[in-house]
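Structure record follows, encoded as structure tokens.
There are 2 protein chains.
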Amino acid sequence: MPLTARAKGTRLTGFESDAEAGDAEWRPVARTRTYELVIDRIEEQIVSGTLQVGDRLPAERDLAKMLGVSRAAVREAFRALEAQGVLRMNVGTGPDSGTTVAALPSEALTRLLRLHVALANFPVADVVRARIMLERESARHAATRARPDDLRRLGELLDEMDSPDCDRARFNDLDAEFHVGIAEAGGNRLVADMTIAIRESMRRPLLAAFDELGDDWYPIAEELRHHHRAIYQALRDGDADAAEKLTESHIRASYRHGWAQELT
Amino acid sequence: MPLTARAKGTRLTGFESDAEAGDAEWRPVARTRTYELVIDRIEEQIVSGTLQVGDRLPAERDLAKMLGVSRAAVREAFRALEAQGVLRMNVGTGPDSGTTVAALPSEALTRLLRLHVALANFPVADVVRARIMLERESARHAATRARPDDLRRLGELLDEMDSPDCDRARFNDLDAEFHVGIAEAGGNRLVADMTIAIRESMRRPLLAAFDELGDDWYPIAEELRHHHRAIYQALRDGDADAAEKLTESHIRASYRHGWAQELT
DNA sequence: GACCATTATATGGTCCGACCACAGCGGAGA
DNA sequence: TCTCCGCTGTGGTCGGACCATATAATGGTC
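Listed in order, the protein sequences are those of chains A and B.
Counting in my numbering, the first sequence runs from 1 upward without gaps.
Counting in my numbering, the second sequence runs from 265 upward without gaps.
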């Protein structure tokens, strides 16, 4: 059954509600865009289980023909779903080729969150508070659940941050990795993903703040390094309370320079 | 300056990481697609502040000509951004027409997070822990920041839950509204959005669990109602510690029936 | 001059058909 | 047997055309 969105001059309005009298909502609205119908069909297949994670969708040309729409409409639908991390698109003819249902939307989540923070839709204070909340939780669990491998990796990061040829950008990256590492060691995938997303979203603003510090940066970096060491030690000791507390004060300190006036 | 993505045979690989020896990751990856470059250009404009929320982007045809790409490439970039809630597209010639930078990203964020939670198959225990973490934070802030309007609304929800003609589905909806209301009263938009997304993602599973309870549901609902009243009172009293504590125990209780074995 | 229907214009929405680049497969040749 | 090269199928890109819509400009009518 082709996706005949409209026949010559007519339009699907999606307006069937038996509107009662009075000041009825006279907005049929919901302009139906073909590519959205395509999205609906695909989502149907996914929620019904016909399409499982990893499965291949028909080729664009085939699907277009099957649904009775143009290839462009199918492509735009794919794009929208890909942007949400639902689909993965690859060229070629191998087993990995074609368009498949994706398994890990984590990346999409971080991309989206980063963009929104960049749009300044969230006050920095809110973001910082969210970070504190997330990472306190992660630190608490990491203190009891971190495996030797996790700790070793964290230690390496700290060593690299001590290196003299670690500039601000590198420091920023390593700091992000350190915090993400703790989140992942905490063992809660969902919390870790949110942590990553938020830390990543602050990557650029944080670096900009570092750059603005000028020579004041060096003592501050030294302070942050000490914080990291203390947190690291708490994790090794399995001291959840200390890890939690140190993490909070460390994050607050990170933002004190640059956003002092915006934080309570 | 046209968006020359590639020159005859060469390819941007985005592969710069100095991979150490051993089992190095030998995947150059990151094929550069034109529409992604278009996205980059748009994001540049946004983060640099040239494009503010509500601003209009050039018309598709114009932007395509300006960037030296086809209109289809521009459209696919727009689609991806629209799917993320960054852009809004309208036809016509009025002040609202054209493609503009969207103002309300919350919806897109919750959509994506919900999808993320639904598709990623997180362990219930992880989701519950995340919920507790988020709502403790919200409850704590709501206790001190909730306005009379917020409290009144919460009270109305509780009254409706007491109504005899409040079945399980309605109860589930009202419960979700109650928790979302607290999150919004907390005043942190980002935390509230995450709370909404997670609570929404558990809507169906929770309802299914309620239905499975049979007649055991009635005493449990009574218990949950009491919890709500207690939390509500703590908020009115401005008792942050109590609100936090009660919220945690309430959420744990909600999941105890149905997922008892999966929670520690 | 005020009002209303008509036309103009600009926008996104859709479609078609073609070609390109890439990845794998298989057959032809060494 | 092994290697290489072309075939095939996939997404990626392009240009152009037309449609549907929403506002603005125009003009006619009273």
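Glycine included, every Cβ here is placed at the ideal spot set by N, Cα and C.
In this text the structure is predicted, and so the values were computed from the model without any measurement.
Nearest CA to the CA of residue i: which residue from the options?
i	options	result
B/VAL365	B/ARG463, B/ARG320, B/GLU508 and B/ARG500	B/ARG320
B/LEU438	B/GLU487, B/ALA449 and B/ASP426	B/ASP426
A/ARG204	A/ARG236, A/PHE171 and A/ARG79	A/PHE171
B/ALA447	B/GLU424, B/LEU418 and B/ASP475	B/LEU418
A/GLN45	A/ARG71, A/SER70, A/LEU87 and A/GLU248	A/LEU87
A/GLU36	A/GLU160, A/GLU76 and A/ARG229	A/GLU76
A/PRO219	A/ALA230, A/ALA253 and A/LYS245	A/ALA253
B/LEU398	B/TRP523, B/MET330 and B/GLU512	B/GLU512
A/ARG256	A/ALA185, A/LYS245, A/ILE231 and A/VAL128	A/VAL128
B/ALA403	B/ASP304, B/ALA372 and B/ASP501	B/ASP501
A/VAL124	B/PRO322, B/VAL455, B/GLY522 and B/ARG375	B/VAL455
B/ALA461	B/HIS380, B/LEU327 and B/ARG305	B/HIS380
A/PRO95	A/ALA176, A/ALA221 and A/GLY54	A/GLY54
B/GLN316	B/GLU324, B/GLU307 and B/ALA323	B/GLU307
A/GLU160	A/GLU177, A/ALA146 and A/ARG145	A/GLU177
A/GLU244	A/ARG71, A/HIS141 and A/SER97	A/HIS141
A/ALA146	A/HIS250, A/ILE231, A/ILE251 and A/ARG41	A/ILE231
B/ARG416	B/ALA473, B/GLU486 and B/ALA449	B/ALA449
B/ALA323	B/SER370, B/ASP479, B/MET353 and B/PHE474	B/MET353
For residue i, count the other beta carbons within 10 Å of its own beta carbon; 16 or more makes it buried, fewer makes it exposed. Which is it?
i	result
A/GLY68	exposed
B/ASP457	buried
A/GLU137	buried
A/GLY85	buried
B/VAL355	exposed
B/GLY451	buried
B/GLY445	buried
A/ALA169	exposed
A/ALA30	Reliability fails at A/ALA30, whose pLDDT of 46 lies under 50, so the model's placement of it is uncertain and no value is given.
B/GLU420	exposed
A/THR34	buried
A/THR99	buried
A/GLY258	buried
A/ARG149	Going by the sequence as given, residue 149 of chain A is Asp instead of Arg. When all chains shown are included, A/ASP149 counts as exposed.
B/THR374	buried
B/PHE279	Bear in mind that a pLDDT of 29 at B/PHE279, under 50, signals an unreliable position, so the model cannot answer this.
B/SER465	buried
A/ASP241	exposed
A/THR195	buried
Determine the DSSP secondary structure at residue i, reduced to helix, strand or coil.
i	result
A/ALA30	Unreliable positioning characterises A/ALA30 in this predicted model, as indicated by a pLDDT of 46, which lies under 50. The coordinate reading is nonetheless provided below. A/ALA30 falls in the coil class under three-state DSSP.
B/ASN436	helix
B/GLY362	strand
A/ARG88	strand
A/ARG56	strand
B/ALA271	Here the model assigns B/ALA271 a pLDDT of 29, short of 50, so the residue's position is not dependable and the matter cannot be decided.
A/VAL38	helix
A/MET66	helix
A/LEU234	A small correction: the amino acid at residue 234 of chain A is Ala; Leu does not occupy that position in the sequence shown. Note: A/ALA234 maps to helix in three-state DSSP.
B/GLY450	coil
B/THR357	coil
B/LEU398	helix
A/PHE210	helix
A/ALA24	At A/ALA24, the pLDDT of 33 sits below 50, so the modelled position is not reliable and the matter cannot be decided from this model.
A/LEU246	helix
A/LEU112	helix
A/MET202	coil
A/PRO164	coil
A/GLY49	coil
Does the Cβ of residue i lie closer than 7 angstroms to at least one heavy atom of the ligand ZN?
i	result
B/ALA366	Within the structure as shown, the ligand ZN is missing, as the structure has no ligands at all.
Taking residue i and residue j to be in contact with their CB atoms under 8 angstroms, please state how far apart those CB atoms are, rounded to whole angstroms.
i	j	result
A/HIS226	A/ARG199	So it is not a contact: roughly 20 angstroms between Cβ atoms.
A/ALA143	A/ALA234	6 angstroms
A/ARG114	B/ARG343	No, A/ARG114 and B/ARG343 are not in contact; Cβ-Cβ is about 19 angstroms, not under 8 angstroms.
A/VAL300	A/ALA73	Any answer about residue 300 of chain A is impossible in this case: the structure gives chain A only from 1 up to 264.
A/ARG71	A/LEU158	About 52 angstroms separates the two Cβ atoms, so there is no contact after all.
query = Between the region 49–69 of chain A and chain B, which residues of the former have a C-beta closer than 9 angstroms to a C-beta of the latter?
reply = For chain B, the residues of the region 49–69 of chain A that bring a beta carbon within less than 9 angstroms of one of its beta carbons are VAL53, in chain order.
ask   = What residues in the region 419–452 of chain B have a beta carbon less than 9 angstroms from any beta carbon of chain A?
value = Cβ contacts with chain A come from GLY451 and ASN452.
key: Near-chain A residues of the region 348–361 of chain B - C-beta to any C-beta below 7 angstroms   = Only GLN348 and VAL350 from the region 348–361 of chain B bring a Cβ to less than 7 angstroms from some Cβ of chain A.
ask   = Looking at chain A, which residues of the region 384–395 of chain B have a Cβ within less than 7 angstroms of any of its Cβ atoms?
value = Across the region 384–395 of chain B, CB contacts with chain A closer than 7 angstroms involve ALA384, PHE386, ASP390, VAL391, ARG393 and ALA394, in sequence order along the chain.
task = Could you name the residues of the region 457–480 of chain B whose beta carbon sits closer than 7 angstroms to any beta carbon of chain A, in the order they occur along the chain?
result = Residues passing the 7 angstroms Cβ filter: MET458.
ask   = Looking at chain A, which residues of the region 496–517 of chain B have a Cβ within less than 8 angstroms of any of its Cβ atoms?
value = Hits within the stretch: zero.
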